[in-house]
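Student: Dumping the structure here so I can ask a few things about it.
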Amino acid sequence: MDEARRRVTLLFDGDCGFCRFWARRWAMKADGAIDERPFQTSLQDFPQIDPAEAARAVQLVFPDGSSVSGAEAVFATMAAGGLEWPGTVYARSAIVRRVCDVGYDFVSARRPLFSRLTRLFWGADPTPSTYRQGTDLFLRALGAVYAVAFGSLWGQITGLIGSDGILPADRFLAAAHSHLGALSGWYVPTIFWLSSTDAALRYVCILGTSAGAAIALLGG
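Per our numbering, the sequence shown starts with residue 178, numbered consecutively.
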């Protein structure tokens, strides 16, 4: 079957900025599963759709020619993009359905207001956020924290848990193994079970500092 015939078609008011924004955003989230089109230039392809109804509420037309409108169309559009549970709740609960239908009519009657609110909170670009910049900034900050922490520990670790330190790691781990036996690795999880020599302690600090610095500089 031709791919275009398998897609659902979202008909919206092309004169409404609010409608254009959300129709485009939903279509982008659906990754090609939705063909969004302004009803003003598309109804010749869908004679079963009443122009007055298309002007009143968004329409979602399925490949077989059937359609849904309003809040139901919104939830069906979201489902086409992979978010199915809101539509399931809408379909199964008469109360939820009634509230959503009233809510849709409320918003539809105040499109200019909600268009301004959309621009205020989501901006003018309908492209769904990937949180890429925020993720990159967080990873860089986390890397810097780790670099500072391991760098600080590097100069102190042998004095703290080295062979001649305040609480030598090798003796502590030996005592833990003697007391806990095979469960020692479970109750005292540490990479230093592999080696707790002074060189190993410093190597872990070097590795941690280097990894943290690399993440801070290069990001995610």
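Backbone N, C-alpha and C define an ideal beta-carbon position, used for all residues, glycine too.
Where does Glu249 fall in DSSP's three states?
Tutor: Residue state, collapsed to three classes: helix.
Student: The beta strand (DSSP E) with Arg233 in it runs from where to where?
Tutor: Taken as a continuous stretch (DSSP letters only), Arg233 belongs to no beta strand (DSSP E), being part of the alpha helix (DSSP H) at 228-233.
Student: With H, G and I counted as helix, E and B as strand and the rest as coil, what does DSSP make of Asp222?
Tutor: The answer is helix: DSSP assigns Asp222 an H, G or I state.
Student: Per the DSSP calculation, Val185 is bridged to which residue(s)?
Tutor: For Val185, which the question treats as bridged, DSSP gives the partners Ile211.
Student: Determine the DSSP secondary structure at Met178, reduced to helix, strand or coil.
Tutor: The predicted position of Met178 is uncertain, since its pLDDT is 40 and thus under 50; no value can be drawn from it.
Student: Which ranges would you report for the beta strand (DSSP E) in the segment 259-304 if only whole runs of at least 3 residues count?
Tutor: Those beta strand (DSSP E) runs which fall completely within the segment 259-304 and span 3+ residues do not exist here.
Student: To the nearest angstrom, how far is the alpha carbon of Gly389 from that of Phe315?
Tutor: If you take the alpha carbons of Gly389 and Phe315, they lie about 12 Å apart.
Student: May I ask you to verify whether the segment 201-217 touches the segment 241-260, counting CB pairs closer than 8 Å and requiring at least 3?
Tutor: Yes, since at least three Cβ pairs between the segment 201-217 and the segment 241-260 fall closer than 8 Å, the two stretches touch.
Student: Could you have a look at Val238 and say whether DSSP puts it in helix, strand or coil?
Tutor: Strand at Val238.
Student: For Val322 and Leu337, I'd like the C-alpha separation in whole angstroms.
Tutor: Each residue's Cα considered, the two are about 21 Å apart.
Student: From the DSSP output, in three-state form, read off Ser387 for me.
Tutor: DSSP places Ser387 in helix when its eight states are reduced to three.
Student: Determine which residues share a DSSP beta bridge with Ser244 and list them.
Tutor: DSSP lists Val238 as partners of Ser244.
Student: From Ala232 to Ser285, what does the alpha carbon distance come to, in whole angstroms?
Tutor: Approximately 10 Å between the Cα atoms of the pair.
Student: At what residues does the alpha helix (DSSP H) containing Leu314 begin and finish?
Tutor: Run containing Leu314: 309-331, per the alpha helix (DSSP H) assignment.
Student: Give the secondary structure of Thr335 by DSSP, where H, G and I count as helix, E and B as strand, and everything else as coil.
Tutor: Of the three classes helix, strand and coil, the one that applies to Thr335 here is helix, per DSSP.
Student: Please list the terminal residues of the continuous alpha helix (DSSP H) segment that includes Cys196.
Tutor: 194-206 is the extent of the alpha helix (DSSP H) around Cys196.
Student: Using the rule of at least 16 other Cβ atoms within 10 Å of the residue's Cβ for burial, across every protein chain shown, is Gln310 buried or exposed?
Tutor: Label assigned to Gln310: exposed.
Student: Short check: CB of Thr265 to CB of Trp331, under 8 Å?
Tutor: Not in contact: Thr265 and Trp331 (Cβ atoms no closer than 8 Å).
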